[in-house]
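Each position in the sequence shown, counted from 1, maps to that position plus 569 in the working numbering.
No residue lacks a Cβ here, since even glycine has one placed at the ideal position from N, Cα and C.
Before any comments, here is the structure.
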Amino acid sequence: MIQKILKGFVLGLLLFVFAGYLWYLIRRDHSRILYVKTCDHAGGQGLKALSKFVKGGWLHLGRHEIQVFSYGSCMFFQFDENRGTLFYGVELTSGYIGAVTMTLTELHQLADSIPANTGFEKTLDYLSVYPRVAPSSEF
């Protein structure tokens, strides 16, 4: 009798841990840091790294973020897979944040078409063809 209760408790605990781990994978923000020699030509590298990082599939993992660093913070790109929005800016605390509506396929196509040594300003020119959205306060 005690063995059945103990067995049920252990199986319930394992199920709880497994469900908690799946919830953690789904809801957490996925971040990576990309180190470059200089910030001058790192915009294309950041978008290409973000494109490789965001794989898509049936399990939408939420936000994917690439922060580009040299001798300090250069820029960041963040793709919110659930809303289909690409956020970008000089650095997270600068207040300069832009956002465009973009699908996952468009993100991969843009990353394939942009040269790796493209600077941030030129990257903004590439992003200007996509519809802009106002960044939300929950960024």
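A direct Cα-Cα distance of roughly 11 Å separates glutamate 675 from valine 698. At a Cβ-Cβ threshold of 7 Å, valine 669 and leucine 655 count as neighbours. In this structure the stretch 679-689 lies against the stretch 606-623, because at least three pairs of beta carbons, one per stretch, are closer than 8 Å. With a 10 Å radius around the Cβ and a threshold of 16 neighbouring Cβ atoms, isoleucine 574 comes out exposed. DSSP places alanine 668 in the uninterrupted beta strand (DSSP E) bounded by 666-670.
Here the alpha carbon of glycine 613 sits roughly 54 Å from the alpha carbon of lysine 576. Pairing asparagine 686 with methionine 644, the inter-Cα distance amounts to about 14 Å.
When the alpha-carbon of tyrosine 657 is set against those of Ile683, Lys624, Gly615, Asn651, the nearest one is in Gly615. Burial check for methionine 570: the Cβ neighbour count within 10 Å stays below 16, so the residue is exposed.
In the DSSP annotation of this structure, the continuous segment of the beta strand (DSSP E) that includes glycine 658 starts and ends at 654-658.
Looking at the backbone, the Cα of leucine 582 and that of tryptophan 592 are separated by about 15 Å. Taking every protein chain shown into account, the CB of phenylalanine 648 has 16 or more other CB atoms within 10 angstroms, so this residue is buried.
DSSP places isoleucine 683 outside both helix and strand once states are collapsed to three, so it counts as coil. Counting every other CB atom within 10 Å of its CB across the protein chains shown gives arginine 601 a total below 16, marking it as exposed.
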